[in-house]
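Worksheet: one structure, shown below.
Protein chains: 6
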Amino acid sequence: MGALSRDGERLRGANPTLLDLLVELETLDRLPRSGYLLRGVPDCESVAEHSFHLALIVRLLAAREPGLDVARAVEIALVHDVAELRIGDLPRTGARYFPAGAKHEAERLAAADILAPADAALSAGYAEYEAGASREARFVRACDKLQLMIKVSVYEAWGQAGLAEFWRNPENFPDEQFATVAATFARLRERFAPAAPPAG
Amino acid sequence: MGALSRDGERLRGANPTLLDLLVELETLDRLPRSGYLLRGVPDCESVAEHSFHLALIVRLLAAREPGLDVARAVEIALVHDVAELRIGDLPRTGARYFPAGAKHEAERLAAADILAPADAALSAGYAEYEAGASREARFVRACDKLQLMIKVSVYEAWGQAGLAEFWRNPENFPDEQFATVAATFARLRERFAPAAPPAG
Amino acid sequence: MGALSRDGERLRGANPTLLDLLVELETLDRLPRSGYLLRGVPDCESVAEHSFHLALIVRLLAAREPGLDVARAVEIALVHDVAELRIGDLPRTGARYFPAGAKHEAERLAAADILAPADAALSAGYAEYEAGASREARFVRACDKLQLMIKVSVYEAWGQAGLAEFWRNPENFPDEQFATVAATFARLRERFAPAAPPAG
Amino acid sequence: MGALSRDGERLRGANPTLLDLLVELETLDRLPRSGYLLRGVPDCESVAEHSFHLALIVRLLAAREPGLDVARAVEIALVHDVAELRIGDLPRTGARYFPAGAKHEAERLAAADILAPADAALSAGYAEYEAGASREARFVRACDKLQLMIKVSVYEAWGQAGLAEFWRNPENFPDEQFATVAATFARLRERFAPAAPPAG
Amino acid sequence: MGALSRDGERLRGANPTLLDLLVELETLDRLPRSGYLLRGVPDCESVAEHSFHLALIVRLLAAREPGLDVARAVEIALVHDVAELRIGDLPRTGARYFPAGAKHEAERLAAADILAPADAALSAGYAEYEAGASREARFVRACDKLQLMIKVSVYEAWGQAGLAEFWRNPENFPDEQFATVAATFARLRERFAPAAPPAG
Amino acid sequence: MGALSRDGERLRGANPTLLDLLVELETLDRLPRSGYLLRGVPDCESVAEHSFHLALIVRLLAAREPGLDVARAVEIALVHDVAELRIGDLPRTGARYFPAGAKHEAERLAAADILAPADAALSAGYAEYEAGASREARFVRACDKLQLMIKVSVYEAWGQAGLAEFWRNPENFPDEQFATVAATFARLRERFAPAAPPAG
C-alpha cells in the first residue's frame, strides 16, 4: 500500500521511508492465513501472529541445533511473509494457476519494494528464504511447517474439524535434516495426530 | 479446495460434481475483500456479499438500459469473482508484481476448474467477463465499480476513515458508456463524495 | 431504514430513489441468519451471503430443469429476503407467536416499501415468492431449503455441533417436485447427513 | 428454542424445566441489538449486555427515586427483553408492518412460554413492563431509553458515525416523570450530544 | 478508566459522577472472560453477559431458597465483577503469581473506586461478595459456579472442545449448602457432563 | 495454562516440555491488548501481533543504533510479553491497585514458569527486560512505546476515535536516549499526532 498519511490517505510518488515501512507492517494483523480461513476457523491466525510464532520457535530450536547462525535465522523468520502485505496470502491451491515460479517471483519483487527502506542484510533475508539459499533459510522453512502443524493441533484441540488432511499431506511436515525440529514434530504428531483409520 | 467429505476432508482425484461446486461456493463467505480488509474495515464485505450486491445492482440497472440481455448480465455477475475461491482476493497493488496478464490468466484457469461442473453458458460467462468480451460483460464491470463506491460510501457514513483515496482514483469510477450506471454514480458522488480540499 | 445521507443520517420524507435502495441493500451484509446465530455458529452467514448462494444455485439447477424461466427464478432469488432489511430475520420459532399470516403480510409490506424504486417486475417477484404463486417461485423455495442444508453440512464439516436437528426435520428438505433439486439433495444427504442412531 | 440436550439437539414435547430456561437464556449473548447492527457498529451490544446495563442502571437510579420498589424494578429489567430469544430483536422500523399491537402480543406470548418455569412474580414482570402497568415498569422503560443513549454516546466517542439521528428523535429520550433519570439524561446530553447544526 | 468526554478523552482530576460510572460500565461488554478466551471459544462471553446471566439465575433460584434476601443477592450479582473494568479478567492460573490475597485486595480497591458514585449499600455489596460475608454473598458465589458450568455446557453443545477439564475440577462446582443450586447443578451434570472415561 | 493434550485437556503434574511451551505460546493470538480493547477498537491487536511488530521494529532500528547487541535485543522483544499468557494483559489503570512491585513480580514468576523449558539465555531475557537491566532491554522498552504510538496512529487513520489521550501522556513516548527511536517517533508525531487544540 505504501505510505499512509494522517487521514488514512496513501502517499504517492515519494520514496518510502523507514516510517512508511513500520506503518505498513502493522497491516499484517489484518491478513488472515488463507488455509485456516477457507476451512472455517473463526478468528484465525493472522500473518503477523504466524510470523511471531515462527520467529520464537526458530529462536528456541535454533539454539539447540549446532552450527546455525541463530540471529540470522530469527531475522529471516521475521520477514519471511512480508510480501503478503501486497500479494495477500495466496491459497496453496492457487499457485498452480500461475506460470511456474511466478508466485515466488512476485513475492520476491513485492518484498524488495516493501523492505527497500530496511538495511540490506534484512531485505536480502527474504530472497534467501524464498530460495532456501542458506542453512538458516532452510531451518526457518522447516520451522514454518512445524508451526503450521502446531497451530493445526491447537485448532483441533479447540474443536475445529476438517483439518485432518493437513496430517495426511507430507508436504506439511518439516524435513528430517534438522534433528531438533524433527524431534519436536515427532512428539507433536504422537500427541495430536488423529489416529489412523483402520486399514481395509 | 475441491470436494469436501463429511469429516471436512477434501476428496481427491474424483471429477468434481455439481454438488462439489455448490459446497465449495459456500466458502466465498469467508473471503474478505482485501481492499477493505487492509484498510481496517471491521467485519468487512465478503466476496459472496459483494457478488450478491453486484448481481442485484446489475438486475436493477440493466432493466433500464436499452438493448442489454439482462439475464446474461446477471449470471455473469453471479460468477464474476468465483476464481477467488482458489486464488484469493489479490490486493490491487499486487497484480503488478506478476508478469503481464498472469493474474487474469490464473483467474481464468481457476474459474474454469471451479465451474467445470456447471453448464457451458455459465462457465463461459467468467471468461467473457474477464475479457470484457460482450456488452453485458462490460456492463457488469461498470456496475462492479459502482458497487465498490456504494460500499465505500456506506463505510464512510459509518465512520470508517482512510477511504478517501477511493474517491480520488478515477479507475474506481464506472465508465460513461452506460447511461444508467453513470447517472447513479453521479448521484452517489454528489451525496457521498468528500468535499474537495481547498485549492492552493 | 430508508435513505442515508453522507453523515450516516437517514433522510426523511423524501420518496426513496433507486440510489436509496442500493444503499439500503448493502446493510444485508450485517444481518446474520438467526437459525445459525442462535446455535452459536461463529461469524455465521449473512442474509446477503445466503441470497448470493441461493441465486447461484437457482441459476445452476434451473438450467437443468425443463420448462423453467431461469432468469425469472434468479431474480426472485435475489430479492426473496429483502424484507429482512426492515423486519430482521425472525427466528422460525417466533412466527407462531404472531397472528396467522401476520409475518408473511409484514414481509410483503416491507418488501413493497423497500423495492418501491425498482421496476414492477422485480418488486412483484417478492410477493410471487411469498405466495409460491408460480413454478419459478416454488423452485426458488425448494432451492432455499437445499441451500440451508448445504450450509448446515459445511458448518458441521467445520466442527459445529448442535445442528443435527436440521437433518431430522423434513420441513428443511426441498420438496420432490423438482427432480434436479431433489437429486442434489439426495446426494448431499448421502454424503453429509449424520448416521441414524441405532434403533431400539 | 426450548430445551437443549448434550449433543446440541433441542428436546421436544417435554415441559420445559427451570434448567431449560437457564440454558436457553445463555443464547441472549448471541443476539445483537438490531439498531446498532444495521448501522454498522462492529461487535455491537448483545441483548444480554443491554439487559445487564439496564438492570444495574435501574438499581443505581431507583435507589435515588423516592417511593419505588427497587427490587421489583430490577427484576423487571432482567426479563424485559427475554422475548427476543424467540422473536429476535425486530428493528424499530419493522413494527409498523405488523397489525397494531401484534408485536407486543407476540412478545408477551413468547415471554410467557420462555418464563413458564419461573415463579409467577417474575413471569408477570414481563407483561407488566410491556403494558407499563406499574410505576416500576415505567421507570424501567425510562431507564431503557437512558441506557440506549449512553451506549450511543460511547459508540460515538469511539468513532462510530451515523448515530446522530438517535439524538434527533425524542422518542429515544426518557420521559420527564422520573427526576433522577431525567437529570442523568440531561447531563449525558450536555456532555455527548452533537452540537446543533447552524440554523438557516 | 474513569470519566469519558465526548471526544473519547478521559477526564482527569474530577470526582467521578454517577454518569461517569454509567459510562464506564458500558465497557464491560468488551471484556471477554479469560477462561473461554484462552481456550479458543470464538466470540466468547463478555463480563457484562456473564453478570446478566448470574443476576437472573440468582433471582430465579433465590426465590426458591428459603430465608434469603433475594433483592440483596441480585444486587450483589450485578456488581460482583465490576473490578474487572480496571483489573481485567485475570486468568485463574495467574492469581498464584501474586502475594496471597493481593488479587482480592486489588479487586476490592478497584471496585471501591469504580462504585464510589453509587450508594453505600451497593458499593458495600462488592466487598461482601469478595469476603463471602453474608449468606446472600455465598449464594451468589454458588450461582457464579453454576453459571460457569451452564455456559461450558452450551459451548460444548455447540462443538467447542477442550472444556472437559472444567468438569473434572470440583472447584468449579457450586457447594452443597444451597439446595436449589445443588439440585440444578445435579441436573445439568446429568444432562451435559461428558461420560467418564472407562476405568483401567 | 500449561500442557495441552489432544482432546484439549491440560496435562497436570508433568514437567513442561519444550513442546508444551510451543503449544501454550499459540494462545497469545487470543489475548487482545487491553488498552485498545477497552477503548472499543474492533478486532484489536493481539499480544502475539504486538510482539511480532516489536521484534521487527527492534531489528530494524537496532541495526542503526551503534553498539547494541541486535540479536539480544530481538530475542528480548520476542519474549517480553509472554507472562500475559498466565496473567492476562492487566490494564495500565489496574497496576496501582496492587502492592508496589507486585505486578512486575507476578509477571517475572509467570514468565519463569512459562519459559522453564527454554534455554537459560532466553528465559533470562524476560527478567532483564522487566528490570531494564541492560542497554538492549532499555532499547526494547523504547521501541515498545514507539510501536504503541504507531498502532495508535494506524487506528486513528482508520477512523477510531478516543485515542487522543495517548498523544497527551508522555509516558507513552520513547525516551530520548536512543537516537534512532527518538527520530522515528518525531517523524511519526509530525505526521500523525492530532493538532493541538487552540490555546485559551
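Residue numbers (our numbering), protein chains in the order written: chain A, 239 to 438; chain B, 239 to 438; chain C, 239 to 438; chain D, 239 to 438; chain E, 239 to 438; chain F, 239 to 438.
Heads up, the beta-carbon is just placed ideally off N, CA and C, and yes, glycines get one too.
What you are looking at is a predicted structure, and each value in this text was computed from that prediction instead of being measured.
(message) Restricting to Cα atoms, I'd like to know which of B/313, B/305, B/432 and B/400 is closest to residue 367 of chain B.
(response) The candidate whose alpha carbon is nearest that of residue 367 of chain B is B/313.
(request) Using a cut-off of 9 Å between C-beta atoms, extract the partners of residue 281 of chain C located in chain A. (result) Near residue 281 of chain C (Cβ distances below 9 Å), the residues of chain A are 278, 280 and 281.
(request) For residue 284 of chain C, write down the residues that DSSP places opposite it in a beta bridge. (result) For residue 284 of chain C, which the question treats as bridged, DSSP gives the partners C/270.
(request) Mind listing the chain A neighbours of residue 420 of chain E? Cutoff is C-beta to C-beta under 9 Å, in chain order. (result) Going along chain A, no residue has its Cβ under 9 Å from residue 420 of chain E, so there is no contact; the nearest lies around 29 Å.
(request) Determine the chain C residues that contact residue 398 of chain A at a beta-carbon separation under 9 Å, and present them in chain order. (result) The answer, in chain order, is 396 and 397.
(request) With a threshold of 16 other CB atoms inside 10 Å of the CB of residue 398 of chain B, please say whether the residue is buried or exposed. (result) Classification of residue 398 of chain B: buried, given that the 10 Å Cβ count is 16 or more.
(request) Quick one: using the 10 Å Cβ neighbour count with 16 as the cut-off for buried, is residue 385 of chain A buried or exposed? (result) With a threshold of 16 other beta carbon atoms within 10 Å, residue 385 of chain A meets it and is buried.
(message) Going by DSSP, what residue range makes up the alpha helix (DSSP H) through residue 378 of chain B?
(response) Start and end: 373-395.
(request) Check each residue of the stretch 311-332 of chain A: if its Cβ is closer than 7 Å to any Cβ of chain B, include it; give the result in chain order. (result) Residues of the stretch 311-332 of chain A whose Cβ lies closer than 7 Å to any Cβ of chain B, in chain order: 324, 325, 326, 327, 328, 329, 331 and 332.
(request) Output, in sequence order along the chain, the residues in the stretch 402-432 of chain D whose CB is closer than 7 Å to any CB in chain E. (result) If the cut-off is 7 Å between Cβ atoms, the stretch 402-432 of chain D has 422, 425, 426, 429 and 430 near chain E.
(message) Can you give me the C-alpha to C-alpha distance between residue 364 of chain C and residue 329 of chain D, rounded to a whole angstrom?
(response) Approximately 20 Å, taken between the alpha carbons.
(request) Taking C-beta pairs closer than 8 Å, name the residues in chain E that residue 268 of chain F reaches, listed in chain order. (result) Simply 275, 276 and 278.
(message) For the stretch 335-366 of chain A, list every residue whose C-beta sits within 7 Å of some C-beta in chain B, in sequence order.
(response) Hits within the stretch, in order: 335, 336, 337, 340, 344, 347 and 348.
(message) Taking a contact to mean a Cβ-Cβ separation below 8 Å, would you say residue 230 of chain A touches residue 274 of chain A in this structure?
(response) Nothing in the structure corresponds to residue 230 of chain A, since chain A is present only between 239 and 438.
(message) Using only the alpha-carbon positions, how far apart do residue 383 of chain F and residue 412 of chain F sit?
(response) Approximately 5 Å between the Cα atoms of the pair.
(request) My understanding is that residue 392 of chain E touches residue 261 of chain D, with C-beta atoms under 8 Å, so please give their C-beta distance in whole angstroms. (result) The beta carbons of residue 392 of chain E and residue 261 of chain D sit about 6 Å from each other, so the pair counts as a contact at 8 Å.
(message) Mapping the DSSP letters down to three states, classify residue 313 of chain A as helix, strand or coil.
(response) Residue 313 of chain A: helix per DSSP, three-state reduction.
(message) Within 8 Å of any Cβ in chain B, is that where the Cβ of residue 290 of chain C sits?
(response) Residue 290 of chain C counts as touching chain B.
(message) Among the candidates F/380, F/359, F/351 and F/372, whose CA atom is the shortest distance from the CA of residue 409 of chain F?
(response) Closest option to residue 409 of chain F, Cα to Cα, is F/380.
(message) Quick check on DSSP: helix, strand or coil for residue 212 of chain C?
(response) Residue 212 of chain C lies beyond the range of chain C shown here (239 to 438); nothing can be said about it.
(message) Determine, for residue 265 of chain F, whether the minimum Cβ-Cβ distance to residues of chain E falls below 8 Å.
(response) Chain E, which has a Cβ nearer than 8 Å to the Cβ of residue 265 of chain F, makes this yes.
(message) Just to confirm before moving on: does the CB-CB distance between residue 340 of chain C and residue 337 of chain D stay below 8 Å?
(response) Taking 8 Å as the Cβ cut-off, residue 340 of chain C and residue 337 of chain D qualify as a contacting pair.
(request) Identify whether residue 438 of chain C lies in helix, strand or coil by the three-state DSSP scheme. (result) Because the pLDDT at residue 438 of chain C is just 42, under 50, the model does not fix this residue reliably, and the point stays unresolved.
(request) Confirm, please, whether the CB-CB distance from residue 296 of chain E to residue 377 of chain E is below 8 Å. (result) Their beta carbons are under 8 Å apart, which means residue 377 of chain E touches residue 296 of chain E by this criterion.
(message) So with CB distances below 7 Å, who are the chain E contacts of residue 272 of chain F?
(response) Per Cβ cutoff of 7 Å: 326.
(request) State buried or exposed for residue 334 of chain E, treating a residue as buried only when at least 16 other CB atoms are found within 10 Å of its CB. (result) By the 16-neighbour rule on beta-carbons within 10 angstroms, residue 334 of chain E is exposed.
(request) Give me the Cα-Cα distance between residue 290 of chain F and residue 300 of chain C, rounded to the nearest whole angstrom. (result) For residue 290 of chain F and residue 300 of chain C, the distance between alpha carbons rounds to 51 Å.
(request) Return yes when the Cβ of residue 426 of chain A is within less than 8 Å of the Cβ of residue 257 of chain F, no when it is not. (result) A contact, by the Cβ cut-off of 8 Å.
(request) Output, in chain order, the set of chain G residues within a Cβ distance shorter than 9 Å of residue 301 of chain C. (result) The structure shown has no chain G; the protein chains it does contain are A, B, C, D, E and F.
(request) Tell whether a beta-carbon distance below 8 Å holds between residue 395 of chain C and residue 242 of chain B. (result) Taking 8 Å as the Cβ cut-off, residue 395 of chain C and residue 242 of chain B qualify as a contacting pair.
(message) When you compare the CB positions of residue 346 of chain C and residue 332 of chain D, do they come within less than 8 Å of one another, or not?
(response) Not in contact: residue 346 of chain C and residue 332 of chain D (Cβ atoms no closer than 8 Å).
(request) Under 8 Å by Cβ, that's how I've got residue 390 of chain E and residue 404 of chain E pegged, so tell me the actual separation to the nearest angstrom. (result) With a Cβ gap of about 5 Å, residue 390 of chain E and residue 404 of chain E count as contacting.
(request) Classify residue 411 of chain D as helix, strand or coil using the three-state DSSP reduction. (result) Looking at residue 411 of chain D - three-state DSSP - the assignment turns out to be coil, as it is neither helix nor strand.
(message) To the nearest angstrom, how far is the alpha carbon of residue 353 of chain E from that of residue 285 of chain F?
(response) Linking residue 353 of chain E to residue 285 of chain F through their CA atoms gives a straight-line distance of about 30 Å.
(request) Given a cut-off of 8 Å, decide if residue 326 of chain D and residue 400 of chain C are closer than it, judged by their beta-carbon atoms. (result) Residue 400 of chain C is not a Cβ neighbour of residue 326 of chain D, given a cutoff of 8 Å.
(message) Starting from residue 403 of chain C, trace the alpha helix (DSSP H) in both directions and tell me its first and last residue.
(response) Here the alpha helix (DSSP H) through residue 403 of chain C covers 402-406.
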